[in-house]
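Below: one structure, written as structure tokens.
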Amino acid sequence: MHKLALAAAAAIAAFSAPAIAATQNWNVTEENTSGVKHGQGTWAVTIDGEKLNGSASLQLDNGNPLTYSLEGTIKDGVYTVKLDKRSDDKKGCVWTGHARTATAAGKSTGYFGDLVCDGGAKLILRAIGM
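Using our numbering, the letters of the sequence shown correspond one by one to residues 30 to 159.
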């Protein structure tokens with residue numbers, strides 16, 4: 030009887046505990062709207078349900094480093110991510126992206142979307158998980 034109670038308690042605890050979100054590394058490229066690379070590097074991303082957060086470390090095309098923090102949501106396959114504390118002083122930057130499905134099997138080949146900042150600055154951001 031005690032074994033049954035312990036097994037039931039363990040099962041309830043396992044299913045009611047929140048999932049542990051693991052950090053993923055994504056290769057990221059920022060381009061201007063004409064397709065010229067602005068910078069590339071990595072995002073360290075943690076996804077927990079519909080929430081996403083992390084940090085970015087890129088190198089700009091002029092050789093300078095670019096860092097920022099990430100915070101956003103995923104809803105209906107659309108990623109809305111605020112890129113805060115950018116070291117290049119761009120303010121109010123938000124990336125709206127979605128998974129790209131380009132393989133015959135319908136698998137995602139990465140993420141793609143527009144990055145818009147205050148003052149009208151617009152970039153294209155491409156990302157792929159490593």
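Built from N, CA and C at the ideal position, the CB exists for glycine as well. As the structure is a prediction and not an experimental result, all values here were calculated from the model.
For residue i, tell me which candidate among the options has the shortest Cα-Cα distance.
{"i": "C122", "options": "V145, W55, G70 and T58", "result": "V145"}
{"i": "T138", "options": "Y97, A50, S63 and V57", "result": "V57"}
{"i": "E100", "options": "A73, G83, D147 and G64", "result": "G83"}
{"i": "D105", "options": "E79, G92, K120 and L112", "result": "E79"}
{"i": "V74", "options": "N93, A85, L152 and G148", "result": "A85"}
{"i": "I153", "options": "D147, G142 and A134", "result": "G142"}
{"i": "N93", "options": "K111, D117, V107 and W72", "result": "D117"}
{"i": "A156", "options": "A128, S63 and S98", "result": "A128"}
{"i": "A50", "options": "I76, L89, V107 and W72", "result": "I76"}
{"i": "T53", "options": "W72, T96 and V107", "result": "Reading off the sequence shown, one finds Gln at residue 53, where the question assumed Thr. Considering only alpha carbons, the answer is W72."}
{"i": "V107", "options": "Y140, N61, V65 and E60", "result": "Y140"}
According to DSSP, is residue i part of a helix, a strand, or is it coil?
{"i": "G78", "result": "coil"}
{"i": "G68", "result": "strand"}
{"i": "G158", "result": "strand"}
{"i": "G92", "result": "coil"}
{"i": "A50", "result": "coil"}
State the CB to CB distance for the pair residue i and residue j, rounded to an integer number of angstroms; the pair is presumed to be in contact (CB under 8 Å).
{"i": "T125", "j": "T109", "result": "5 Å"}
{"i": "L87", "j": "G70", "result": "3 Å"}
{"i": "W55", "j": "G158", "result": "5 Å"}
Entirely enclosed beta strand (DSSP E) segments - the region 105-146, minimum 3 residues: 107-113, 122-130 and 137-145
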